[in-house]
Amino acid sequence: MGVAVISARKSVTLTRLYGATALACLFAYALPAAPAFAQDVQSLKPDIPAGSQMLMEADTLVYDNDANTVTAVGGVQIDYGGNRLVAQRVAYDRKSSRLVASGNVQVVNSDGTKMYSEEIDVTDDFADGFINALRVETVDKTYFAAESGERKSGTLTTFNNGVYTACAPCEEKPDKAPIWRIKAQKIIWNGKTKVVRFEKSKFEFFGFPIAYLPAFEIADPTVKRKSGFLIPSISQKSELGFGLSIPYYFALSPTYDLTITGTGYTKQGFLGQAEWNQRFNNGQYSLKIAGIRQNDPDALRDNGRYTVDSGPNGDPNKFRGMVGTNGHFDINPRWAFGWDILAQTDKNFARTYSIDGYNQYVRRNEIYLTGLSGRNYFDLRAMKFDIQEDYLDTSSSARDAKEAWALPSLDYSYTPDEPVFGGELNFDVNARSIYRSELDARLATPFVRGIDGNSTRLTAEAEWKRNFVTDGGLVVTPLLAFQMDGTSVNQTSASAAAIEAMAANPNIGVEADVRSAYYRAMATAGLELRWPVLFSFSSGSHILEPMAQVFARPDEPYADTLGIPNEDAQSFVFDATTLFERDKFSGYDRIEGGTRANVGMRYSGSFNNGWTTNALFGQSYQLAGRNSFDSPDLVNVGAYSGLETTDSDFVGLVGFATPFGLSSSVSARLDEQTAEVRRAELKAGYNTSALSLTAQYAFIQAQPLYGFANDRREVTLGASVRFHENWRTFGSGTYDFESGVVTRDAVGFAYDDECFTYAMTMSQKRDPLKVQEDERTFGFNISFRTLGDFGSTTSQFGQQ
Numbered sequence: 001m002g003v004a005v006i007s008a009r010k011s012v013t014l015t016r017l018y019g020a021t022a023l024a025c026l027f028a029y030a031l032p033a034a035p036a037f038a039q040d041v042q043s044l045k046p047d048i049p050a051g052s053q054m055l056m057e058a059d060t061l062v063y064d065n066d067a068n069t070v071t072a073v074g075g076v077q078i079d080y081g082g083n084r085l086v087a088q089r090v091a092y093d094r095k096s097s098r099l100v101a102s103g104n105v106q107v108v109n110s111d112g113t114k115m116y117s118e119e120i121d122v123t124d125d126f127a128d129g130f131i132n133a134l135r136v137e138t139v140d141k142t143y144f145a146a147e148s149g150e151r152k153s154g155t156l157t158t159f160n161n162g163v164y165t166a167c168a169p170c171e172e173k174p175d176k177a178p179i180w181r182i183k184a185q186k187i188i189w190n191g192k193t194k195v196v197r198f199e200k201s202k203f204e205f206f207g208f209p210i211a212y213l214p215a216f217e218i219a220d221p222t223v224k225r226k227s228g229f230l231i232p233s234i235s236q237k238s239e240l241g242f243g244l245s246i247p248y249y250f251a252l253s254p255t256y257d258l259t260i261t262g263t264g265y266t267k268q269g270f271l272g273q274a275e276w277n278q279r280f281n282n283g284q285y286s287l288k289i290a291g292i293r294q295n296d297p298d299a300l301r302d303n304g305r306y307t308v309d310s311g312p313n314g315d316p317n318k319f320r321g322m323v324g325t326n327g328h329f330d331i332n333p334r335w336a337f338g339w340d341i342l343a344q345t346d347k348n349f350a351r352t353y354s355i356d357g358y359n360q361y362v363r364r365n366e367i368y369l370t371g372l373s374g375r376n377y378f379d380l381r382a383m384k385f386d387i388q389e390d391y392l393d394t395s396s397s398a399r400d401a402k403e404a405w406a407l408p409s410l411d412y413s414y415t416p417d418e419p420v421f422g423g424e425l426n427f428d429v430n431a432r433s434i435y436r437s438e439l440d441a442r443l444a445t446p447f448v449r450g451i452d453g454n455s456t457r458l459t460a461e462a463e464w465k466r467n468f469v470t471d472g473g474l475v476v477t478p479l480l481a482f483q484m485d486g487t488s489v490n491q492t493s494a495s496a497a498a499i500e501a502m503a504a505n506p507n508i509g510v511e512a513d514v515r516s517a518y519y520r521a522m523a524t525a526g527l528e529l530r531w532p533v534l535f536s537f538s539s540g541s542h543i544l545e546p547m548a549q550v551f552a553r554p555d556e557p558y559a560d561t562l563g564i565p566n567e568d569a570q571s572f573v574f575d576a577t578t579l580f581e582r583d584k585f586s587g588y589d590r591i592e593g594g595t596r597a598n599v600g601m602r603y604s605g606s607f608n609n610g611w612t613t614n615a616l617f618g619q620s621y622q623l624a625g626r627n628s629f630d631s632p633d634l635v636n637v638g639a640y641s642g643l644e645t646t647d648s649d650f651v652g653l654v655g656f657a658t659p660f661g662l663s664s665s666v667s668a669r670l671d672e673q674t675a676e677v678r679r680a681e682l683k684a685g686y687n688t689s690a691l692s693l694t695a696q697y698a699f700i701q702a703q704p705l706y707g708f709a710n711d712r713r714e715v716t717l718g719a720s721v722r723f724h725e726n727w728r729t730f731g732s733g734t735y736d737f738e739s740g741v742v743t744r745d746a747v748g749f750a751y752d753d754e755c756f757t758y759a760m761t762m763s764q765k766r767d768p769l770k771v772q773e774d775e776r777t778f779g780f781n782i783s784f785r786t787l788g789d790f791g792s793t794t795s796q797f798g799q800q
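Here the sequence shown is numbered in the working numbering, starting from 1 and rising by one per residue.
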């Protein structure tokens with residue numbers, strides 16, 4: 001008698017059990033179906049450490065030496081290298097080299113993938129086998145099922161009546177059809193050619209078939225990338241017509257690929273695009289080209305006005321195109337090099353045709369080298385700013401030709417690790433060379449935003465400061481700083497004449513000082529006092545922090561003349577966030593001079609009920625010397641700033657946030673004598689899982705020297721309402737009070753869940769001056785998780 005029966009339930013270490021190899025294959029057999037739609041099968045194969053033992057539990061273990069079989073019966077559980085098999089019966093036949101698991105078979109792999117079946121029959125070399133009533137759940141929540149599966153010759157696996165979806169089954173109604181699924185009569189996976197073929201397949205949406213394909217093929221999941229068509233997209237613009245884009249992807253190598261996209265527009269014809277991507281161990285780069293021969297350039301005129309897109313009268317813009325490239329490489333852990341460059345036949349092609357990655361209205365072309373180590377920083381780059389506008393260069397509204405080149409721009413900051421005289425020492429170097437081919441001036445305003453020619457500046461600055469804390473909690477911070485710079489200017493006679501004309505304007509009141517070189521130095525001694533005081537109550541805690549600063553320094557050089565170009569200090573805004581800055585100018589081309597004091601009070605509060613509050617209020621005083629903000633430069637940056645008087649405007653902000661989603665903040669600048677509002681911004685928001693509301697109001701008083709003769713006021717409102725677990729509607733609008741025009745508005749609705757999203761929007765953009773035509777955009781986007789998106793492309797979806 002060659003049968004041995006072990007009936008007591010126990011754990012057995014299967015280091016000697018026949019069929020261990022076959023059981024390992026059994027774990028692998030669970031895997032082919034699941035990733036066939038979603039992911040790389042290699043990452044799903046069982047990760048079994050070398051030397052792992054196979055452990056088994058069963059009610060009965062039968063060794064039949066005569067039949068040469070080993071059978072486990074009753075509550076079988078096998079663990080091997082983090083993988084687990086559960087079944088009612090597992091048998092291994094040494095003669096036929098087959099292993100059969102049956103009865104509510106469940107396989108859980110070490111990565112979490114689960115497979116369910118009624119029976120699995122497989123050879124120990126995994127070359128041939130059969131599986132019945134298969135269901136698979138992957139870690140990323142994708143689901144696959146088939147009535148049966150067969151494997152032949154070790155390479156060909158066929159699943160009969162297969163179903164795939166990324167939608168979780170309904171817990172209350174498991175038999176209910178998911179939102180979407182793909183059904184196929186046969187799914188044939190060829191492991192040799194690395195192709196999965198679907199035969200007689202259909203796509204179902206909410207249980208209804210909406211598409212039928214007799215046959216189609218996709219890449220084997222072991223292939224991360226494979227050549228083939230990508231999901232199409234559609235677009236619509238009134239001047240272009242409807243567009244259909246069909247991309248084809250060439251997987252040329254594991255490290256580089258090519259995508260060719262053809263787009264047909266009903267009005268303008270065929271647009272061709274090609275994008276090359278290549279990856280290296282330390283970085284990547286891409287190259288994109290695009291071009292079109294426009295069928296109807298006149299359709300691109302704006303309310304009868306000839307544009308860059310249409311071409312001037314009598315010279316239609318037929319052939320248009322671009323070449324763009326970007327890249328980034330890590331030289332080592334500290335240094336990086338990269339670029340982002342666009343060249344096109346005209347200044348608005350990429351934006352008109354929404355070329356992905358190159359369609360920004362204001363675009364910066366650059367080549368850069370950066371370094372970062374601790375608190376030390378180096379940045380060297382060459383830049384060219386492009387304005388993708390539709391104005392012809394002959395138009396007074398055109399801006400692109402007046403934009404500058406920065407060849408180059410350098411920033412370097414160094415802070416020693418060790419304290420210097422007990423404090424922190426910091427060195428900063430900034431250099432820039434600006435070239436502009438066309439004068440940017442408006443003498444009626446007046447300002448000279450940029451000279452025609454070249455200007456080069458080198459600035460070096462050192463700052464030392466140290467904190468002392470007294471026994472009473474007063475924080476005393478002395479500060480010393482020294483800055484030197486030199487500027488070289490090579491400008492045209494037209495630029496010099498514009499500066500002379502601006503100086504002659506009675507609203508300016510200074511003389512012109514046009515020269516080829518300027519040298520400046522500024523020494524600063526400062527003292528800052530802060531006294532944070534904590535008040536604790538049963539309801540919460542509050543911190544009041546009175547703060548005062550004094551900076552003593554000589555007058556700003558050349559403050560009484562016009563001549564030094566101001567390229568990088570044009571965006572100055574005085575508010576609560578800049579009150580305590582040592583130099584309140586936004587760049588190095590201007591230097592704050594004279595003796596100034598900044599005084600204010602900070603507050604922050606935290607309540608036990610979850611409320612938080614913050615506030616800041618203060619004022620700045622010119623104590624001695626020339627007030628730099630009352631000294632005009634070529635762009636009048638100090639005018640209307642609130643700092644041009646001896647006593648500055650009051651600045652402040654107040655904000656709060658609640659635990660139930662409501663928050664608000666107010667920032668304002670008030671006249672120092674009348675408390676009249678000069679500038680203000682109000683923000684408010686309310687956010688819950690069902691409702692989101694936003695509101696923003698902005699006010700800026702008239703600034704005639706900047707070209708704004710009237711006050712500017714606008715309000716922006718936005719809302720999003722989730723009226724169902726998966727449905728929401730949203731909208732926003734901006735209203736300009738001075739023109740009485742809703743300059744922008746958008747409305748839409750969306751559906752989203754774990755496997756499907758749909759959104760539809762309609763937006764409009766209106767010119768407050770009512771010169772340009774209104775822009776209307778309609779877009780939609782459908783996304784099936786793991787399959788892809790369809791609809792308006794991202795750049796066209798809600799583009800401003």
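Where is the CB? At the ideal position from N, CA and C, for every residue including glycine.
Query                                                                                                                                                                                     : Result
Taking the CB atoms as reference points, tell me whether residue 512 and residue 499 lie closer together than 8 Å.                                                                        : yes
Need the endpoints of the alpha helix (DSSP H) that residue 352 sits in, please.                                                                                                          : 349 to 352
Using only CA atoms, which one of 99, 178, 486 and 139 lies nearest to residue 163?                                                                                                       : 178
Give a yes or no on whether the C-beta atoms belonging to residue 301 and residue 707 are separated by under 8 Å.                                                                         : no
Distance check for residue 741 and residue 502, CA to CA, integer angstroms please.                                                                                                       : 34 Å
In the DSSP assignment, find the alpha helix (DSSP H) that holds residue 493 and state where it starts and stops.                                                                         : 493 to 503
Please name the residue in 335, 532 and 450 whose C-alpha comes closest to that of residue 470.                                                                                           : 532
For the beta strand (DSSP E) that contains residue 152, what are its first and last residues?                                                                                             : 143 to 152
Three or more beta-carbon pairs under 8 Å between the region 504 to 511 and the region 606 to 622, yes or no?                                                                             : no
If we require 3 or more residues per run, which beta strand (DSSP E) segments fall completely within the region 666 to 750?                                                               : 677 to 687, 691 to 700, 712 to 721 and 727 to 736
Which two residues bound the contiguous beta strand (DSSP E) that contains residue 268?                                                                                                   : Segment: none, residue 268 is in no beta strand (DSSP E) and carries neither H nor E.
Do residue 726 and residue 752 come within 8 Å of each other at the CB atom, strictly closer than that value?                                                                             : yes
Put residue 569 into one of helix, strand or coil per three-state DSSP.                                                                                                                   : coil
With C-beta atoms as the reference, is residue 138 less than 8 Å away from residue 155?                                                                                                   : no
Might you give, ordered along the chain, the residues of its own chain that have their beta carbon closer than 7 Å to the beta carbon of residue 587, omitting 5 neighbours on each side? : 568 and 569
Work out the CA separation of residue 310 and residue 168 for me, nearest whole Å.                                                                                                        : 51 Å
How would you label residue 248, buried or exposed, when you count the other beta carbons within 10 angstroms and need 16 or more for buried?                                             : exposed
For residue 398, tell me which candidate among 72, 438 and 373 has the shortest Cα-Cα distance.                                                                                           : 438
By Cβ distance below 6 Å, which residues in the same chain neighbour residue 230 in space, the five residues on each side in sequence not counted?                                        : 247 and 249
For residue 353 versus residue 292, is the C-beta spacing smaller than 8 Å?                                                                                                               : yes
Quick one: grab the DSSP three-state call for residue 244.                                                                                                                                : strand
Given residue 371, which residues of its chain have a CB within under 6 Å of its CB, disregarding the five upstream and five downstream residues?                                         : 334, 335 and 378
Is the beta carbon of residue 93 closer than 8 Å to that of residue 68?                                                                                                                   : yes
Go ahead and pull the three-state DSSP assignment for residue 400.                                                                                                                        : helix
Looking at the unbroken beta strand (DSSP E) that takes in residue 621, where does it start and where does it end?                                                                        : 612 to 624
What does residue 638 pair with, by DSSP beta-bridge criteria?                                                                                                                            : Answer is none; residue 638 lacks a bridge partner.
Grouping DSSP H, G and I as helix and E and B as strand, with all else coil, what is residue 789?                                                                                         : strand
In whole angstroms, what separates the C-alpha of residue 294 from that of residue 267?                                                                                                   : 8 Å
With distances taken Cα to Cα, identify the nearest neighbour of residue 108 among 136, 779, 278 and 492.                                                                                 : 136
Rounded to whole angstroms, what is the Cα-Cα separation between residue 759 and residue 233?                                                                                             : 14 Å
Opposite residue 654 in the DSSP bridges: which residues?                                                                                                                                 : 615 and 666
Here's a check: name, in chain order, each residue in its chain whose Cβ is nearer than 6 Å to the Cβ of residue 84, leaving out the five neighbours to either side.                      : 108
Among the candidates 452, 522, 603 and 599, whose CA atom is the shortest distance from the CA of residue 590?                                                                            : 522
With residue 549 as the anchor, note down where its beta strand (DSSP E) starts and where it stops.                                                                                       : 540 to 552
For the region 73 to 135, which segments carrying the alpha helix (DSSP H) assignment without a break, of at least 4 residues, lie completely within its bounds, in sequence order?       : none
Pull up the distance between the alpha-carbon of residue 580 and that of residue 421, whole angstroms please.                                                                             : 24 Å
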